[in-house]
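S.K.: Next up is a structure, given as structure tokens.
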Amino acid sequence: MIGSLIGLIKDKKPSLVLLEVSGVGYEVHIPLSTSFQLPNNGESTFILTHLVIRDDQHTLYGFATEEERKLFRTLIKISGVGAKMALTILSGINVNGFVQSVINEDVDTLVHLPGIGKKTAERLIVEMKDKIQDVTDSPELSGSAASDNNMLLEARNALVNLGYKSNEARKILDKIDTTGLEVEELLRQALKSLNK
Numbered sequence: 024m025i026g027s028l029i030g031l032i033k034d035k036k037p038s039l040v041l042l043e044v045s046g047v048g049y050e051v052h053i054p055l056s057t058s059f060q061l062p063n064n065g066e067s068t069f070i071l072t073h074l075v076i077r078d079d080q081h082t083l084y085g086f087a088t089e090e091e092r093k094l095f096r097t098l099i100k101i102s103g104v105g106a107k108m109a110l111t112i113l114s115g116i117n118v119n120g121f122v123q124s125v126i127n128e129d130v131d132t133l134v135h136l137p138g139i140g141k142k143t144a145e146r147l148i149v150e151m152k153d154k155i156q157d158v159t160d161s162p163e164l165s166g167s168a169a170s171d172n173n174m175l176l177e178a179r180n181a182l183v184n185l186g187y188k189s190n191e192a193r194k195i196l197d198k199i200d201t202t203g204l205e206v207e208e209l210l211r212q213a214l215k216s217l218n219k
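Residue numbers (our numbering): 24 to 219.
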């Protein structure tokens, strides 16, 4: 198994990087999140990798962080989620965002990812629920952040009940500093921002 590579970037595209290591060029498929963190062509970089071996091909996937690689490895174990879909998920949402979507059972956020329908999003949530600890060791994703997310979800549901679309409600709440706010105050601020 090739676990990581250090080499020169010979060519970089949004979803693929050609990395030269000791005279050998490795084509490494990457999510957009990793692509944004890589240096320019001709510069040296370190990349974590995961090798997928099939009968007809060996494909190398690369990641900027261990959490990205852990999420990728966890996703490809789920029935119906291949490496391509896992890469698409990582390109569309960061690890913390994905973890929080699973914790909050937030189907809406997941269906906005390319190629993810409602049924797939629901299956991801069900199957990932007990695997979240495999993905991240961040204590903040359990404790207070999870309760903050529950509060945001509650506020968003309240806005939806008032007639706003789910994505509109999300955009409204994204603009508010939620630090230390209770749900009632959060809603007050959201409604006040709409009247400006």
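Heads up, the beta-carbon is just placed ideally off N, CA and C, and yes, glycines get one too. Just so it is clear, the structure is predicted and the values come from calculations on it, not from any experiment.
Going by DSSP, what residue range makes up the beta strand (DSSP E) through E208?
M.R.: If you number the sequence shown from 1, residue 208 lands on position 185. Run containing E208: none in the beta strand (DSSP E); it sits in the alpha helix (DSSP H), V206 to L217.
S.K.: Helix or strand or just coil, what does DSSP make of S38?
M.R.: The sequence position of residue 38 within the sequence shown is 15, counting from 1. Correct three-state label for S38: coil.
S.K.: Is it true that the stretch 24–40 meets the stretch 68–79, where meeting means three or more beta-carbon pairs spaced less than 8 angstroms apart?
M.R.: Verdict: yes, contact present.
S.K.: Roughly how far, in whole angstroms, is the beta-carbon of I53 from the beta-carbon of V40, given that I think they are within contact range, below 8 angstroms?
M.R.: The residue given as residue 53 occupies position 30 in the sequence shown. The residue given as residue 40 occupies position 17 in the sequence shown. Right, the Cβ-Cβ distance comes to about 6 angstroms (below 8 angstroms), so this counts as a contact.
S.K.: Go through its chain and collect everything with a Cβ distance to L98's Cβ below 7 angstroms, but skip five positions before and after it.
M.R.: For the purposes of this step, residue 98 is taken as residue 75 along the sequence shown, with counting starting at 1. The answer, listed in chain order, is V104, A109 and I112.
S.K.: Buried or exposed for E50, please, with buried defined as at least 16 other CB atoms from any protein chain shown within 10 angstroms of its CB.
M.R.: For this step, residue 50 is matched to residue 27 along the sequence shown. Exposed, by the Cβ-count rule.
S.K.: Kindly indicate which three-state DSSP category V104 falls into: helix, strand or coil?
M.R.: Taking the sequence shown and counting its residues from 1, the one referred to as residue 104 is at position 81. Coil.
S.K.: Would the beta-carbon of Q212 fall within 7 angstroms of that of I195?
M.R.: Locating residue 212 in the sequence shown gives position 189, where the first residue counts as 1. Locating residue 195 in the sequence shown gives position 172, where the first residue counts as 1. Not in contact: Q212 and I195 (Cβ atoms no closer than 7 angstroms).
S.K.: Starting from the Cα of I155, find the closest Cα among L61, R96 and L217 and give me that residue.
M.R.: On the sequence shown, residue 155 is found 132 positions in, with the first residue counted as 1. Out of L61, R96 and L217, R96 has the C-alpha closest to the C-alpha of I155.
S.K.: Is it right to say Q80 is buried, meaning 16 or more other beta carbons lie within 10 angstroms of its own, or is it exposed?
M.R.: Here residue 80 is taken as the residue at index 57 of the sequence shown, counted from 1. Result: exposed.
S.K.: Taking all protein chains shown into account, decide if E44 is buried (16 or more other Cβ within 10 angstroms of its Cβ) or exposed.
M.R.: Locating residue 44 in the sequence shown gives position 21, counting from the first residue. Here residue 44 turns out to be Val, not Glu, going by the sequence shown. Looking at its Cβ environment, which holds fewer than 16 other Cβ atoms inside 10 Å, V44 is exposed.
S.K.: Provide the residue(s) that pair with F69 in DSSP beta bridges, ordered along the chain.
M.R.: The sequence position of residue 69 within the sequence shown is 46, counting from 1. Paired residues: I29.
S.K.: Out of S102, T82 and N117, point me to the one whose CA is closest to K93's CA.
M.R.: Counting from 1 along the sequence shown, the entry for residue 93 is found at position 70. That would be N117, whose Cα lies nearest to the Cα of K93.
S.K.: Taking Cβ to Cβ, would you say E128 is nearer than 7 angstroms to I101?
M.R.: Along the sequence shown, read from residue 1 onward, the residue named residue 128 stands at position 105. Along the sequence shown, read from residue 1 onward, the residue named residue 101 stands at position 78. Taking 7 angstroms as the Cβ cut-off, E128 and I101 do not qualify as a contacting pair.
S.K.: Taking just the CA atoms, how far does E207 sit from A192?
M.R.: Position 169 of the sequence shown, counted from the start, is the residue given in the question as residue 192. Position 184 of the sequence shown, counted from the start, is the residue given in the question as residue 207. Approximately 15 angstroms between the Cα atoms of the pair.
S.K.: Indicate whether G115 and L136 have their beta-carbon atoms separated by less than 7 angstroms.
M.R.: Stepping through the sequence shown from its first residue, residue 115 is reached at position 92. Stepping through the sequence shown from its first residue, residue 136 is reached at position 113. A contact, by the Cβ cut-off of 7 angstroms.
S.K.: T55 lies in the alpha helix (DSSP H); which residues open and close that run?
M.R.: By one-based count along the sequence shown, residue 55 stands at place 32. A small correction: the amino acid at residue 55 is Leu; Thr does not occupy that position in the sequence shown. Unbroken alpha helix (DSSP H) run through L55: L55 to Q60.
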